[in-house]
Amino acid sequence: MDFNVFQIILVLIVAFLAGLEGILDAFQFHQPIIACTLIGLATGHLSEAIILGGSLQIIALAWANVGAAVAPDAALASVASAIIYIKGNDFSEAGRNLAIGTAITLATVGLVLTMVVRTLAVGLVHRADAAAEKGDFRGVAFWHYVALSMQGLRIMIPAGALLFVSSEVVQGYLKLIPEWFANGMTIGGNMVVAVGLAMVINLMASKETWPFFFIGFAIAPLNELTLIATGVIALSLA
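In the numbering used here, each residue carries its 1-based index in the sequence shown increased by 46.
Here it is, written out as C-alpha cells:
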C-alpha cells in the first residue's frame, strides 16, 4: 500500500525518534516492538506490525553494547523492515519472515551508519568544548542537540527513501524472489528467533533467574488467568 502525506509524516517522526532513542535509551522508541507498533498504528496495520515487532524483539533482546563493541542497530532494522513489510502487502508467514531476514541485514547497515555519525560527532564535541571555554552554555547545548539530531536523521533519511518508493515497485521486487529462497527465509526466520531466545536464556542462566523463567512458561498456557491474578503472582514473587 502507498502511504498518504499524513502517514508519511507520522512514520518519519517515529523514525527520527527511533534514531534518537538509539542513543538516549529513555523511552525505547528504537526497540522493535515499539517502533513497529507505532508504524503499524500510523499506517493502519497495527496487528500485523505488532506481530513483526514481537518477532524482531525476541532477536534484539540479546543485542547489547559491550565495551567498544557496538550492537547491531535495532532502530533501522525495525523501522525499515516495518515499512517494507507493509508496503509489500504480504502479511503471510512467508512475508513476515522475509521482513525479519531483511531486518537482520539492515541492522548491520545501521551499525555502519551509526559508526559514521559517531565519527562525525567528534568534530562537534570540539566545537562544544570551544563554547564551554567561552562560558557559552547555549552553544554547548546547541552542539549537543546537533549531534543528537544527526542520530535521528540517520534513521529518518533511509526511512524517507523507502517511503517514496511506490508499493508496486516493492511488491514487484518481492515477487521476483524465487520460491526456494522464500522458503529458505521462512526457515531462517524461525531459526533466528530461536537463536535470539537462546541468547537471552544464556544471558539469564543463573540460579536466581531460572525459577522466574520456568514459572513464566508454566502460567503462559493458562488462558483464564486474569491481569489481577497475574499482578498478585508478580507481587508475591517480588
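Glycine included, C-beta positions come from ideal geometry on N, C-alpha and C.
Local conformation of residue i per DSSP, three classes
i, result
"D175", "helix"
"E270", "coil"
"E254", "coil"
"Q53", "helix"
"I69", "helix"
"I96", "helix"
"A284", "coil"
"I227", "Correcting the residue type first, residue 227 is Phe in the shown sequence and not Ile. F227: helix per DSSP, three-state reduction."
"F259", "helix"
"S212", "coil"
Cβ pair residue i, residue j closer than 8 Å
i, j, result
"L58", "G206", "yes"
"G141", "G134", "yes"
"V124", "G100", "According to the sequence shown, residue 124 is Ser rather than Val. No; because the gap between Cβ atoms is not below 8 Å, this pair is not in contact."
"I85", "A95", "yes"
"D48", "S212", "yes"
"A145", "S127", "yes"
"H76", "A120", "yes"
"I129", "L209", "yes"
"P224", "L122", "no"
Limits of the unbroken alpha helix (DSSP H) element including residue i
i, result
"K133", "A120 to G134"
"L107", "Premise fails: L107 is in no alpha helix (DSSP H) and is neither H nor E."
"Q197", "F183 to L209"
"A117", "From DSSP, A117 is part of no alpha helix (DSSP H); its letter is neither H nor E."
"L78", "One point to set straight first is that residue 78 is Pro, not Leu, in the sequence displayed. Here the alpha helix (DSSP H) through P78 covers P78 to T89."
Residue burial classification, residue i (beta-carbon count within 10 angstroms, cutoff 16)
i, result
"R200", "buried"
"W189", "buried"
"A64", "buried"
"T154", "exposed"
"Y131", "buried"
"V60", "buried"
"G156", "buried"
"N143", "buried"
"P257", "exposed"
Next item on the list: Could you say if the region 154-165 and the region 184-204 meet the contact criterion of at least three C-beta pairs nearer than 8 Å?
Entry: yes
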